[in-house]
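Every number in this note's numbering is 64 more than the matching position in the sequence shown, counting from 1. Note that beta-carbon positions come from the ideal geometry of N, C-alpha and C, so glycine has one too. Accompanying notes for the structure given below.
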Amino acid sequence: MITKINDVPETLVAFKASEEVVADDFKNIVMPEVSKFTEKHDYLNYMLILDTDISNFSIGAWLNDMALGLQELKNWHRVAIVSDNDLIDSATKIFNTVTIGEFKVFKHKDIEEAKKWASQPKVRE
Numbered sequence: 065m066i067t068k069i070n071d072v073p074e075t076l077v078a079f080k081a082s083e084e085v086v087a088d089d090f091k092n093i094v095m096p097e098v099s100k101f102t103e104k105h106d107y108l109n110y111m112l113i114l115d116t117d118i119s120n121f122s123i124g125a126w127l128n129d130m131a132l133g134l135q136e137l138k139n140w141h142r143v144a145i146v147s148d149n150d151l152i153d154s155a156t157k158i159f160n161t162v163t164i165g166e167f168k169v170f171k172h173k174d175i176e177e178a179k180k181w182a183s184q185p186k187v188r189e
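Right, dumping it as structure tokens:
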């Protein structure tokens with residue numbers, strides 16, 4: 065299940081994944097909130113707190129997550145993933161080299177630092 069986190073700066077859209085995560089979580093919760101955010105801002109600051117093992121994401125959830133990535137490709141600014149899983153950290157470092165925006169993994173103990181980092185507005189050049 066994915067839930068929206070409301071106690072974040074207005075320059076950030078944030079979610080928490082817990083238990084089993086399915087395609088409808090992305091379709092019905094994440095994507096509409098991301099669309100609302102990018103309509104208001106010309107960039108996307110996104111945070112996902114993983115309070116579940118990545119094995120609890122269904123194939124459909126992964127596909128919808130990838131679809132979100134492609135749909136919002138031009139808007140990515142900062143993405144914070146909160147996880148204590150070293151595999152997530154390694155994969156994110158690789159992904160960071162081939163995509164627009166900055167992606168960074170934070171440990172659960174550093175959630176406040178993740179919020180602060182990910183909520184920095186995009187500076188217009």
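Buried or exposed: residue i, going by 16 or more other Cβ atoms within 10 Å of its Cβ?
| i | result |
| --- | --- |
| residue 113 | buried |
| residue 154 | exposed |
| residue 172 | exposed |
| residue 187 | exposed |
| residue 148 | exposed |
| residue 179 | buried |
| residue 89 | buried |
From which residue to which residue does the alpha helix (DSSP H) around residue i run?
| i | result |
| --- | --- |
| residue 177 | 175-182 |
| residue 95 | 95-104 |
Among the candidates the options, whose CA atom is the shortest distance from the CA of residue i?
| i | options | result |
| --- | --- | --- |
| residue 82 | 101, 96, 70, 119 | 119 |
| residue 67 | 75, 73, 96, 74 | 96 |
| residue 151 | 166, 142, 174, 117 | 117 |
| residue 170 | 105, 115, 98 | 115 |
| residue 84 | 185, 65, 163 | 65 |
How far does the beta strand (DSSP E) with residue i in it extend, from its first residue to its last?
| i | result |
| --- | --- |
| residue 163 | Note, residue 163: premise wrong, no beta strand (DSSP E); not H, not E. |
| residue 67 | 66-69 |
| residue 142 | 140-146 |
| residue 80 | 77-82 |
| residue 113 | 108-115 |
Look at the Cβ atom of residue i, then the Cβ atom of residue j, and state whether they are nearer than 8 Å.
| i | j | result |
| --- | --- | --- |
| residue 70 | residue 183 | no |
| residue 165 | residue 146 | no |
| residue 72 | residue 98 | no |
| residue 139 | residue 163 | no |
Can you find a C-beta in chain D that's less than 8 Å from the C-beta of residue i?
| i | result |
| --- | --- |
| residue 121 | The structure shown contains no chain D, having only a single protein chain. |
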